[in-house]
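Number of protein chains: 2
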Amino acid sequence: MAPQQPGKLRVFSLNCWGIRFLSKLCAQRYEMIGELLGREQHDIALLQEVWSERDFLFLKRKLSCSHPYTHYFKSGVIGSGLAVFSKHRIQDALLYQYSLNGYPYMLSHGDWFGGKAVGLVIVEVFGLKAHVYVTHLHAEYSRAQDGYLPHRIVQSWELQQFVRHTSHGADLVILGGDLNMHPQDLGNRLLRSHTGLRDCYTETDKFDGCEDGHTLIANNHFTKKQDLIPFEKGIRIDYILMKDSQRVSVKCESLSTTKGSVSDKPFPYSDHEALMADLNLLSSQDCTGALPESDQMDVVSEARAVVKEGLSKTEALRDRSLHLMFAGLLLLLLVLCSSCFFSFSAVGFLGAVCVFILLSGALLYMLFTTHIKVLKETEDQMLLRSQNLQTKLIGCRVSGSSSSDASPEIHPSSVFKREE
Amino acid sequence: MAPQQPGKLRVFSLNCWGIRFLSKLCAQRYEMIGELLGREQHDIALLQEVWSERDFLFLKRKLSCSHPYTHYFKSGVIGSGLAVFSKHRIQDALLYQYSLNGYPYMLSHGDWFGGKAVGLVIVEVFGLKAHVYVTHLHAEYSRAQDGYLPHRIVQSWELQQFVRHTSHGADLVILGGDLNMHPQDLGNRLLRSHTGLRDCYTETDKFDGCEDGHTLIANNHFTKKQDLIPFEKGIRIDYILMKDSQRVSVKCESLSTTKGSVSDKPFPYSDHEALMADLNLLSSQDCTGALPESDQMDVVSEARAVVKEGLSKTEALRDRSLHLMFAGLLLLLLVLCSSCFFSFSAVGFLGAVCVFILLSGALLYMLFTTHIKVLKETEDQMLLRSQNLQTKLIGCRVSGSSSSDASPEIHPSSVFKREE
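Quick look at the structure:
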């Protein structure tokens, strides 16, 4: 089934910055994006931040001839913002919504409402089964004081878990999207080292685009310059990643990005730059797998430390929400006990305020308890992975520690013997 | 790698009914469950409703010799309640929390707080890679008026999607748990027909247990008889399912259930009966796959109809929550406009009530909007699957309709041609 002659696959990825009524010149930019996709005829276009279904439907109509196969992933309150346009038939689709994605009360950031996720579409290309993933991770609002780091690490972990466990039957794997992480950031290393996904930017011999592959640049009409400090020239946070299989070898022949402006247009497609990769598919028996176990273990250890720190911070937040609940309850009791000193309306008003405090505390308590569950589950999975890597590393099938939750006392000789 | 001689795998599944302070005789029953598991030495025990981590840790200590490998899946506010105890090393674990799982305001039902999910552990057994799934679906509180049916159908869909997409590399697949569905219920058929999982109860020649394989029976000390009406003798809602691979054939040699009482004990292990399956693993080149495409299509069509109905009902609920918001807003404006006629405290009290109504409406609006997103996503995935099955069925690679979202106008001849 692998192509006899080299097959070429052209992949496009763009964060469209499509917040209706907030993002600038939205309708005009979608018109431009539609024109670009219709003209360039990429095999697969992976879009992020298509927040409005109406905008997706506009593109769908515009690209009905060039890209007849589409999937718009729906999740969260607003949506995942993820969309796929394909020239090749989409056989199946699957969505995994990240368990941790910011806080609902951070209205100015708003990531929580977006239901950030990773979407998978299975596409048949030249008789090959391509597993194509599109994703968008939680934004980094402050690099110096990044309160969302544990959330992004959990998302990176879940992303690599999802890719690893759903790509077994694939002939080739492609992942595109806005990872909101610099190339050497922990989450990025976690993803690449555990899945074996390779970065088109570092793999290609032919790159035409912004300096250092930046996808968020100062020279973009829509970029707020203060958001880039201390990276004045720009940052690289959007990616196209690829992976071989035992049957197919994938090479990135060329990669290009837009460069902040569009010829004959007064403004760019988005506040992010678009990525375009030309991939060569060749028959192969070789497969570039994940990094060596020792490297994978180092990255997991580092990630576990971040998750643990996130856990203790979230536990502190849960305790504070518990205090808020108790404060509300105590104040309510105080108001009720001293009701004879106030008018009926005053008691009602003060009582309502106390109930409001009590309920807010309860909702926050539930939110942080859920977060703690997710962080603990992630830590357990990471520990399990570490133990498995360690077992592989020492070339011994039985390791000293065994449980995924802690370290029970086991007797190695019992492991592969069944007691009747 | 497949076993030269027949290998035998003993699997256990039980809904432990472990709601601390609410479930009767919890501590004593966990003591009994621990004794049973320690004595019977099943290879893998799949437990549900282990809601308290303390109870899990109690079992973990008690079974540290017989089942040194464990994983406790954490999600939701309370937890998923899912736990795995294994004699064989757990290599990896992955959790998928269902997108739809009841309503937070249904405090008496409480499923929402449980974070219902499907957990996967990858276990090495006799050199084989076993993918073992444990799950618990939303309860059915009324068979006649089952308001949660669309939620359970979405969960069944997500369950089969998760199993299908994560079991490619498996030598054998086992799924155990409380599906909260009768054997011929739509969600159950959806799961079996699309994954190729076979029911141990219908497959085995040797069954020893309750009549018709019931796992919720009238003759159980803890069962509320009125919950079983109109199924006076009992119902079968707990399952052990299995699946072959191209390398391994799995046969259920025998299946047994507990029968409502335990010898020498005054009460049973739980309000559910436990399942115990003895599976024979044999080298094989044959693989029993999923049902024929036509059968799969029929089930998907039926499921889509339920999801669509759920969608329209949820849209109505969202509209009502919008009305609630507007009512709160209007009342607030009314209070503020007529503030000169009331005392400051009275205005404050009435204002607080209005804000409470407004916020409740807003929270419900967000909840139902999220549910609508999930229902739409599920419907899209179902449509896509139908189209793919149809394509396979007619033996033609290009079907008349193509998009996963709707039906764009496409030209079949363009599908496998790339435009340069």
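From first to last, the protein sequence lines stand for chains V and X. Read the first sequence against my numbering and you will find it ends at 420, with the numbers running on by one and no gaps. Read the second sequence against my numbering and you will find it ends at 420, with the numbers running on by one and no gaps. C-beta: ideal position from N, C-alpha, C; glycine also.
Which one of the options has the shortest CA to CA distance from residue i?
i	options	result
MET382 (chain X)	X:GLU35, X:LEU82, X:GLU211 and X:ALA303	X:ALA303
HIS182 (chain V)	V:LEU228, V:HIS67, V:LEU59 and V:SER254	V:LEU228
ASP69 (chain X)	X:LEU47, X:ILE90 and X:GLN160	Before going on, a small fix: residue 69 (chain X) reads as Tyr here, not Asp. Cα-wise, what sits closest to TYR69 (chain X) is X:ILE90.
GLN296 (chain X)	X:LEU149, X:LEU46, X:TRP157 and X:TRP112	X:TRP157
GLY76 (chain V)	X:SER386, X:ALA144, X:LEU384 and X:THR370	X:THR370
CYS200 (chain X)	X:VAL248, X:LEU175 and X:LEU100	X:LEU175
GLN160 (chain X)	V:HIS67, V:LEU128 and V:ASP92	V:ASP92
VAL154 (chain X)	X:MET325, X:VAL262 and X:LEU179	X:LEU179
ASP271 (chain V)	V:ASP212, V:PHE368 and V:ASP238	V:ASP238
PRO292 (chain X)	X:LEU393, X:LYS251 and X:SER261	X:LEU393
ASP171 (chain X)	X:PHE21, X:ASP244 and X:PHE85	X:ASP244
SER386 (chain X)	X:GLY115, X:THR204, X:GLN28 and X:ASP298	X:ASP298
ASN424 (chain X)	X:LEU128, X:ASP146, X:ILE372 and X:MET325	In the structure as shown, chain X starts at 1 and stops at 420, and residue 424 (chain X) therefore has no counterpart that could be examined.
GLY7 (chain X)	X:ALA327, X:THR314, X:LEU282 and X:VAL355	X:LEU282
THR215 (chain X)	X:LEU191, X:GLY395, X:ARG192 and X:SER261	X:SER261
THR314 (chain X)	X:PRO150, X:PHE73, X:GLY115 and X:PHE21	X:PRO150
LEU453 (chain V)	V:PHE267, V:VAL123, V:PHE326 and V:LEU57	In the structure displayed, chain V extends from 1 to 420; residue 453 (chain V) sits before or after that span and is not available.
VAL11 (chain X)	X:ILE19, X:ASP43, X:LYS74 and X:ARG20	X:ASP43
SER294 (chain X)	X:TRP51, X:GLY395, X:LEU59 and X:ARG152	X:GLY395
Starting from residue i and walking both ways along the alpha helix (DSSP H), at which residues does that stretch end?
i	result
ASP212 (chain V)	Unbroken run through ASP212 (chain V): none, as it is neither H nor E.
THR258 (chain V)	Segment: none, THR258 (chain V) is in no alpha helix (DSSP H) and carries neither H nor E.
ASN388 (chain X)	344-393
ALA144 (chain X)	Looking at the DSSP string, ALA144 (chain X) is not in any alpha helix (DSSP H), and its letter there is neither H nor E.
TYR105 (chain X)	Segment: none, TYR105 (chain X) is in no alpha helix (DSSP H) and carries neither H nor E.
SER111 (chain V)	Looking at the sequence itself, residue 111 (chain V) is Asp, so the reference to Ser does not match. Element bounds for ASP111 (chain V): 111-114.
TYR269 (chain V)	No alpha helix (DSSP H) contains TYR269 (chain V), which DSSP labels as neither H nor E.
ASP55 (chain V)	53-62
GLY38 (chain V)	26-40
Based on the DSSP output, what are the partners of residue i in its beta bridges?
i	result
TYR69 (chain V)	V:SER86
GLU124 (chain V)	V:LYS129
ARG198 (chain X)	X:MET242
ARG10 (chain V)	V:ASP278
ALA45 (chain V)	V:PHE12 and V:PHE85
GLY119 (chain V)	V:LEU95 and V:VAL134
CYS252 (chain V)	V:LEU279
I need the straight-line Cα distance from residue i to residue j, nearest angstrom please.
i	j	result
ALA274 (chain V)	LYS308 (chain V)	35 Å
GLY209 (chain X)	LEU255 (chain X)	8 Å
LEU9 (chain X)	ALA117 (chain V)	37 Å
LYS206 (chain V)	GLN226 (chain V)	31 Å
ARG320 (chain X)	GLU379 (chain X)	23 Å
GLN246 (chain V)	VAL173 (chain V)	12 Å
SER399 (chain V)	LEU120 (chain X)	With a pLDDT of 43 at SER399 (chain V), under the threshold of 50, the predicted position of this residue should be treated as unreliable, and no value is reported.
LEU14 (chain X)	ARG61 (chain X)	19 Å
ASN388 (chain X)	VAL300 (chain X)	12 Å
ALA316 (chain V)	GLY310 (chain V)	10 Å
SER249 (chain V)	GLU40 (chain V)	24 Å
GLY234 (chain X)	HIS88 (chain X)	34 Å
LEU197 (chain V)	MET242 (chain V)	5 Å
ALA2 (chain X)	HIS194 (chain X)	Annotation note: pLDDT 44 at ALA2 (chain X) (below 50); position unreliable, coordinate value reported separately. About 25 Å.
CYS252 (chain V)	GLY177 (chain X)	45 Å
SER402 (chain V)	VAL84 (chain X)	Unreliable positioning characterises SER402 (chain V) in this predicted model, as indicated by a pLDDT of 45, which lies under 50. The coordinate reading is nonetheless provided below. Straight-line Cα distance between these residues: approximately 14 Å.
ALA277 (chain X)	GLY169 (chain X)	23 Å
PRO230 (chain X)	TYR148 (chain X)	19 Å
LEU191 (chain V)	GLY102 (chain V)	20 Å
CYS354 (chain V)	SER312 (chain V)	29 Å
GLY115 (chain X)	CYS340 (chain V)	45 Å
LEU94 (chain V)	ALA27 (chain V)	29 Å
THR257 (chain V)	GLY213 (chain V)	7 Å
Tell me the residue span of the beta strand (DSSP E) that contains residue i.
i	result
LEU334 (chain X)	Premise fails: LEU334 (chain X) lies in the alpha helix (DSSP H), 293-337, not in any beta strand (DSSP E).
ASP178 (chain V)	172-178
Counting Cβ pairs closer than 8 Å, one from the stretch 341-352 of chain X and one from the stretch 342-350 of chain V, do we hit at least three?
yes
Pairing CB atoms from the stretch 120-134 of chain V with CB atoms from the stretch 182-191 of chain V, are three or more of them under 8 Å?
no
Segment contact, 8 Å Cβ cut-off, at least three pairs: the stretch 157-164 of chain X with the stretch 215-222 of chain X
no
Contact the stretch 319-333 of chain X vs the stretch 363-380 of chain X: 3+ CB pairs below 8 Å
Yes, the stretch 319-333 of chain X is in contact with the stretch 363-380 of chain X.
Segment contact, 8 Å Cβ cut-off, at least three pairs: the stretch 370-378 of chain V with the stretch 76-84 of chain X
Yes: the two stretches touch, three or more of their Cβ pairs being nearer than 8 Å.
Do the stretch 11-28 of chain X and the stretch 40-47 of chain X touch if we need at least three Cβ pairs shorter than 8 Å?
yes
Between the stretch 27-41 of chain V and the stretch 99-111 of chain V, do three or more beta carbon pairs fall short of 8 Å?
no
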